[in-house]
Structures are given as C-alpha cells and as structure tokens.
Amino acid sequence: MSETQTMATARIAAAAAPAPGTGPGLVKRLRVTTWLPPLIAFAVAGVLWQLVAITNPYVIPTLDAIGASLVSDAGMYASNLLVTAQEVVIGAAAGILGGFLLAVVMAEFQIVERAVMPLVVMVMVTPIVAIAPALVVAFGFGMMPKYIVTGLVVFFPMLVNSLAGLRDVDGRALDVMTTLHASRWEIFRHLRLPGSMPYFFAGLRIALPLAIVGAAVAEFVAAGQQAGLGSLVTVSAAQANLPVTWASIALLCVMGVVLVAALAIVRKRVLWWSDGEIVAR
Amino acid sequence: MTGGVDIAGVTKAFGPDGRRTTVLDDVSLTIGRGEFVSVIGPSGCGKSTLLKVVAGLIPADSGSVTIDGESVRTATRDKLIGLVPQSPALLPWKTVLENVRLPMRVNAKANAGRSLRDPAELLSSFGLGQALNKYPSQLSGGMQQRAAIARAFVFDPGVLLMDEPFSALDEMNRDQQRLGLLEFWQSNRKSVLFVTHSVPEAIMLSDRIVVMAAHPGRIAEVIDVDLPRPRSVEAYATDAFRDLEGHVRDTLHSVMEETHV
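So, in structure tokens, the structure goes:
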C-alpha cells in the first residue's frame, strides 16, 4: 500500500471512530438547561432596554427603531459592513501572518527575540488610539491606515501566543527526536509547529475581537470618509441619529460574534486532539 | 570491536560553581551486544542522568561513552539509539501508526543498509494491531507505552535506552507490559540499558543488575542474573528468583543506609 493510500485509510478510520472531544455534541446543545437560561437573560436585558428607551428617547433608541433603521437602510448598512469586514479580514490576516512568522523566527533564533522584542513591546504599549491619527496623516484617508491599525492590534497577541506555543514542547518527545538526530526543520515540522496550535488558537481568540476594535478605531479617526461601521457610529452620533448609531454598533457586535463562533468551529476541527483550551494571555 | 555500550569513567555534576552536586561519580559500565542491563537505585542516584548521558541528551563532564565503538554523537547521527522515555510522549495529533513511523521518516539518510521493520506488523506483534489508526488519547496507558516501545524498535537500533518506561502504570498492568517486553526482546535481542525502580522487574528482564548509590551517584554493586532464558511468568515462582530478589533488596538497603548515615 502506498503512503498516501495508507494515510487516506487512516483518515477514514479516524473519521469513523468517535474523535475524542466531539462526544454528545448536538444532543447536549439542544438541552433546555443549556439554551433557556441565556435566552431568559437576553429577554430581561431587552425588556429593560426597551423600558429605558421609551422613557428616555434621547439616551437610547428603542429596539424597534433600531430594527426599522436596519431594514429601511439595509443597502447602506451592507456597504458599510463590507468596508469594515474588508478592513478586519485583510488587517487581521496581515497581523496573524506577521505575528506568527516573527514568532517562528524568534523561536528558532533567540538572538532575534533579544534584538526585536523590546521594540515590539514599545510599539505595543503605545495606545493604538494615539497612533491611529498619525497613521491617517501618513497614509491618507484610504484603506491603508485601517489595515495597519487592525494589523497592529492583532500582531502582538499572535506573536506572544505563537512564541509561547512554539517553545512549549513535550520535553520527552524532543528527547526522542534528539536521539534520532532529527534536523531543526524536522523538529519544527513534526513537533513545534503542530504543538503550537493550541496557543495559536488561544491567540486568535483574543486577536479577532481586537481586529474589530482596530478597524472601528481607525474609522473613528478618519470619520470624514463616511465608510465603514465605525465611521457610521461617529457621524450618526454627532448628528444625534441614535437608531443609526446603535444599528451600526449592533452590526459590529454581530461581526464579532460571527468571528468568534467561526473560530470555535475551526478550532474544534483542527484541535480535536488537544484536551484543554489554553488560556490566552 | 566490542559492540554494545561502553561507559568509561563518566562524571557529571550539576549546579553553580562552588555548590556543585556530583550526580555521577566515575561511573564505568559495559553493556555487551544483545545484553539486557538494568540500573536500579534510590532516587538521586543519577540513574536517569546516566541514561541521558548515554543518549547524548546531556554531556558528561569527564569520561567517555561509546556505542558500537562510536561516539554518542556519531551514534545518534547513525540512528543507533532507540529511546523509550518515562512517559510515552506520543504526538497526540498523529495516529499510533504515524507515531511509530516517525523515527523512519526523521533523519532518513541514516536508514540506508538497516533492516527497518514494518510499523504495522511491529505494532501487531505488540498487540496493537487494532489500534493502528487510533490516536494516542484513545489508548490506555499501557497501550501507549507499548506504542512508545515499538517506536524505539522500529528503526532497528543496536541499543535501546529505557527510562522507567512502566513507572506510570499500575502494578497489574505493569507486570503485563514487562512480560510483553521480555517476550519481544528475547526474540529481538538488542543491547538494553533499562532504568527501573522495581526489583522484580529488574530480575525478570535483565542479564545483569547494576545497583547504584546516591550522593554522589555511583555504582555500588553489579549483580549477575543467572536465570535461564527464555524466561516467562513461571520464573517469578522459582527459588532462584526469590534468592536473587533477596540479594538485590539487601544490596539496596545497605546502599540506602549508607546514604542516610
């Protein structure tokens, strides 16, 4: 049997066997005790919101006003959502890739870590809200400053977590590889890279919501442009057009929920072998 | 050309200058080709350190180790050493078969001219034929450790180093794994350096038992195990086994008293 055939058979067999960690799944999720309590909490929050909105119409809009705005201006929201989504996707991809690649280089060459880490930390402790206007001046009102701000906020958690993951190797498995005289590349490929994935996903878990923050902040600064949900929030708030403000906030929130939910699904597929979720730093 | 492992005057100390603890003090030991040697002793006697020096995982301060006449460095480059660590250390994202195949894929240029085993066949002979495509987390501790042993045998190294491979298992399971290893090794003779805490385990498996003393770690006595081979579970019940057990225990006791005084 060829190698690929064997591998394919292995995968089919693995799929047939109940993969650990994906046990009761759907049945458990459908249990009343699972979905009812949060539903009640949401309902209570909604009712309270509505009460406040009706008695104080200049503080927050009613839920039905937000809904009506979303429906009547659906096209406008969709185009702004697409702009923000594009910033998040491209910015986050760049930040993830950059953070991970630098982590790989740092894990393999400690001298690089010693050289570059202080600089990275310096950039990262600088408030992103302060950097954003400077970037707009430098790169104009186009998409570039938004990609950079989004990428920057994603970069750091990805770097730190990936680095921790690449370093956290099973010492005994490493001993086995060392007695086999495995090359650095072989140790990276078979041990460090797959072993770092729980940390990588822990990094994503905090980086992806941050990406939305980054995109929104960048849009605030370049608000005159009127593109993206963040711009929509600032502009409509300035005009006291509260339903639009809150509809935009709601869409930003939905975006975050979708990202985190998608991540959880991918994580479960990729990291079925990992017993516990690593808590992100 | 002696073959096997030759440890000559190995000394190793840890700790900062001035407060160094000698973990191995002038340890010399020869393991013949196809000989099974156990190392037993109180904790802190440096038996695991000795194994790591032989495996090339930590350097000795002085003295030398040769494997089949080569330096440890050359021996690892030629893949002459199979290591079974204290925990199975299987990669959880690879199937059992992929885990056992890994030593053949790694440093593949050293594979030339050796009789590599078929991983699936080898796993079957370890009673893991049904578990080839399972993942380590789906296996019991004993099965995982057997897979780890198969991983050390699969690329046909001349020397096997086993660091308390059964210490994490309960006694019943442990005995079963031990007898499984005995049976396999008796038909696949390799030089083995086997670190253990268990006296019956050392007697059952070994040709010779090295009793080590602690502070500093050194060889106190080498006891020949002259039980006939092939051995099986019946050997436990023989007078010769009991006599040896008494002898090894006495030696261990005197070694430990000496340490405490």
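Line by line, the protein sequences are chains G and U. Those letters in the first sequence? Residues 1 to 281, by my numbering. Those letters in the second sequence? Residues 282 to 542, by my numbering. Cβ atoms here follow ideal geometry from the backbone N, Cα and C, with glycine treated the same way. Just so you know, these numbers come straight off a predicted model, no measurement behind them.
Please confirm whether residue i and residue j have their CB atoms less than 8 angstroms apart.
i	j	result
serine 69 of chain G	valine 244 of chain G	yes
isoleucine 321 of chain U	leucine 533 of chain U	yes
threonine 150 of chain G	glutamate 87 of chain G	yes
methionine 158 of chain G	alanine 215 of chain G	no
valine 308 of chain U	arginine 499 of chain U	yes
tryptophan 404 of chain U	leucine 442 of chain U	The sequence shown places leucine at residue 404 of chain U, not tryptophan. No, they are not a contact pair.
arginine 205 of chain G	leucine 263 of chain G	yes
alanine 412 of chain U	valine 365 of chain U	no
leucine 338 of chain U	threonine 178 of chain G	yes
serine 319 of chain U	valine 491 of chain U	yes
valine 291 of chain U	alanine 341 of chain U	yes
What is the residue span of the alpha helix (DSSP H) that residue i lies within?
i	result
lysine 360 of chain U	Looking at the DSSP string, lysine 360 of chain U is not in any alpha helix (DSSP H), and its letter there is neither H nor E.
isoleucine 60 of chain G	Looking at the DSSP string, isoleucine 60 of chain G is not in any alpha helix (DSSP H), and its letter there is neither H nor E.
glycine 461 of chain U	452 to 468
glutamate 108 of chain G	74 to 108
serine 513 of chain U	No alpha helix (DSSP H) contains serine 513 of chain U, which DSSP labels as neither H nor E.
valine 270 of chain G	242 to 270
leucine 152 of chain G	144 to 167
alanine 483 of chain U	480 to 486
arginine 427 of chain U	422 to 434
valine 387 of chain U	Taken as a continuous stretch (DSSP letters only), valine 387 of chain U belongs to no alpha helix (DSSP H), as it is neither H nor E.
lysine 328 of chain U	328 to 335
Kindly identify the DSSP beta-bridge partner or partners of residue i.
i	result
alanine 294 of chain U	U:Thr303
leucine 310 of chain U	U:Ile288
phenylalanine 317 of chain U	U:Val473
glutamate 351 of chain U	U:Ile348
valine 492 of chain U	U:Ile321, U:Glu502
Work out the CA separation of residue j and residue i for me, nearest whole Å.
i	j	result
valine 377 of chain U	arginine 530 of chain U	38 angstroms
proline 37 of chain G	valine 44 of chain G	11 angstroms
histidine 496 of chain U	lysine 328 of chain U	12 angstroms
serine 231 of chain G	asparagine 80 of chain G	9 angstroms
alanine 49 of chain G	leucine 383 of chain U	The displayed chain sequence assigns tryptophan, not alanine, to residue 49 of chain G. Answer to the nearest angstrom: the Cα atoms are 59 angstroms apart.
glycine 350 of chain U	valine 334 of chain U	16 angstroms
proline 369 of chain U	phenylalanine 465 of chain U	18 angstroms
threonine 22 of chain G	phenylalanine 42 of chain G	Note that threonine 22 of chain G has pLDDT 46, beneath the 50 cutoff, so the model's placement of it is unreliable and no number is given.
valine 536 of chain U	aspartate 287 of chain U	24 angstroms
glycine 439 of chain U	tryptophan 272 of chain G	37 angstroms
arginine 489 of chain U	isoleucine 348 of chain U	18 angstroms
glutamate 186 of chain G	valine 435 of chain U	18 angstroms
proline 198 of chain G	aspartate 444 of chain U	29 angstroms
aspartate 73 of chain G	threonine 34 of chain G	35 angstroms
alanine 391 of chain U	valine 353 of chain U	15 angstroms
leucine 97 of chain G	leucine 252 of chain G	23 angstroms
glycine 285 of chain U	leucine 332 of chain U	14 angstroms
Taking 8 angstroms as the threshold (beta carbon to beta carbon), is residue i in contact with chain G?
i	result
glycine 337 of chain U	yes
arginine 395 of chain U	no
asparagine 388 of chain U	yes
lysine 360 of chain U	yes
serine 418 of chain U	yes
tryptophan 374 of chain U	yes
threonine 330 of chain U	no
valine 286 of chain U	no
valine 474 of chain U	According to the sequence provided, residue 474 of chain U is leucine. The question's valine does not apply to it. So, not an interface residue.
leucine 533 of chain U	no
glutamine 458 of chain U	no
List the endpoints of the continuous beta strand (DSSP E) containing residue i.
i	result
isoleucine 339 of chain U	Taken as a continuous stretch (DSSP letters only), isoleucine 339 of chain U belongs to no beta strand (DSSP E), as it is neither H nor E.
methionine 443 of chain U	440 to 444
leucine 191 of chain G	Counting along the chain, leucine 191 of chain G falls outside any beta strand (DSSP E), and DSSP gives it neither H nor E.
leucine 474 of chain U	472 to 477
alanine 45 of chain G	First-last for alanine 45 of chain G: 32 to 55, but that is the alpha helix (DSSP H), not the beta strand (DSSP E).
valine 506 of chain U	Careful: valine 506 of chain U lies outside any beta strand (DSSP E) and carries neither H nor E.
Would you say residue i lies against chain U (beta-carbon separation less than 8 angstroms)?
i	result
proline 198 of chain G	no
alanine 13 of chain G	Confidence at alanine 13 of chain G is low in this model, with a pLDDT of 37, below 50, so the placement of that residue should be treated as unreliable; the coordinate-derived value is given next. Cβ-Cβ to chain U under 8 angstroms: yes for alanine 13 of chain G.
tryptophan 273 of chain G	yes
alanine 182 of chain G	yes
aspartate 175 of chain G	yes
threonine 178 of chain G	yes
arginine 172 of chain G	yes
glutamate 186 of chain G	yes
proline 194 of chain G	yes
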